[in-house]
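The block underneath contains the structure these notes are about, expressed in structure tokens.
In the numbering used here, the protein residues as written are 767 to 1007.
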């Protein structure tokens, strides 16, 4: 009986449909983006922990600095997790980050990259979308010094640049950001690459995406399903007392 109740509960919830949501780019300091829309849609404070997005990285910088986190931090709330940033391994020869939207597809029209006020900037990169098991270029950039902006926030300054997507719009459920250049040491001297051992490290604090998200039928990840089953088990046990 418990198994039937659990199945019916999960089936009813998982069959729920959500409408497409569009979030337009307003300004480089506007952090209400598609990730924020997903957090509200799924009532989630952590999209990776709750199984709605998987973020992977080519490598991680081995250090004990408290501001350097796992790659998941790049899709967390930009203000609540203001100081956290992710750094790939030093001299990573194939530096990349992938984002897998497990329950949704995304049409990306604009994106912003936030940096905590630390040195090293990704200035030569490609943004890809996966289509039929192959990667298609969404945007290709060589960042110029004038592209950077300093943004004052209630929690301090951040550096950022922001661009429109330059290719025909398509829906993707998987994206990849690949660093293909030598990063630079500071915003004011972007012609000078880093000369120390972290020259090839890719660092960023937050990714912000703008466009349209198309939630498919919400199918729970194993983590979410396990939580629902446990909740129903607890409910059934309590009801039998």
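The beta carbon of each residue, even a glycine, is placed where N, CA and C say it ideally should be.
First and last residue of the uninterrupted beta strand (DSSP E) at residue i
i	result
residue 893	890-897
residue 930	922-930
residue 917	915-919
residue 789	787-789
Identity of the residue in the options nearest residue i by Cα
i	options	result
residue 818	798, 836 and 842	842
residue 935	878, 911 and 871	871
residue 930	802, 921 and 904	904
residue 859	826, 923, 810 and 787	826
residue 980	902, 972, 940 and 893	940
residue 840	857, 855 and 864	864
residue 937	926, 866, 887 and 835	866
residue 967	906, 788, 943 and 887	887
residue 764	810, 890 and 802	Shown here, the chain extends from 767 to 1007; a query on residue 764 therefore has no answer.
residue 897	873, 907 and 878	873
residue 846	921, 908, 878 and 810	921
residue 893	906, 854 and 837	906
Residue i - DSSP class collapsed to helix/strand/coil
i	result
residue 936	coil
residue 906	strand
residue 977	strand
residue 945	strand
residue 817	coil
residue 772	Residue confidence is low: residue 772 scores 44 on pLDDT, short of 50, so the model does not pin down where it sits. Its coordinate-derived value is still stated next. Three-state result, residue 772: helix.
Unbroken alpha helix (DSSP H) run spanning residue i, endpoints
i	result
residue 803	800-807
Burial state of residue i, where buried means 16 or more other Cβ atoms lie within 10 Å
i	result
residue 969	buried
residue 919	exposed
residue 1084	In the structure as shown, the chain begins at 767 and stops at 1007. Residue 1084 is therefore absent and cannot be evaluated.
residue 911	exposed
residue 895	buried
residue 790	exposed
residue 823	buried
residue 815	exposed
residue 944	buried
residue 908	exposed
residue 972	buried
residue 878	buried
residue 924	buried
residue 869	buried
residue 792	exposed
residue 850	buried
residue 836	exposed
CB contact below 8 Å: residue i versus chain C
i	result
residue 861	The chain inventory of the structure shown lacks chain C, comprising one protein chain alone.
Whole runs of the beta strand (DSSP E) within the segment 833-878, excluding any shorter than 3 residues: 861-867
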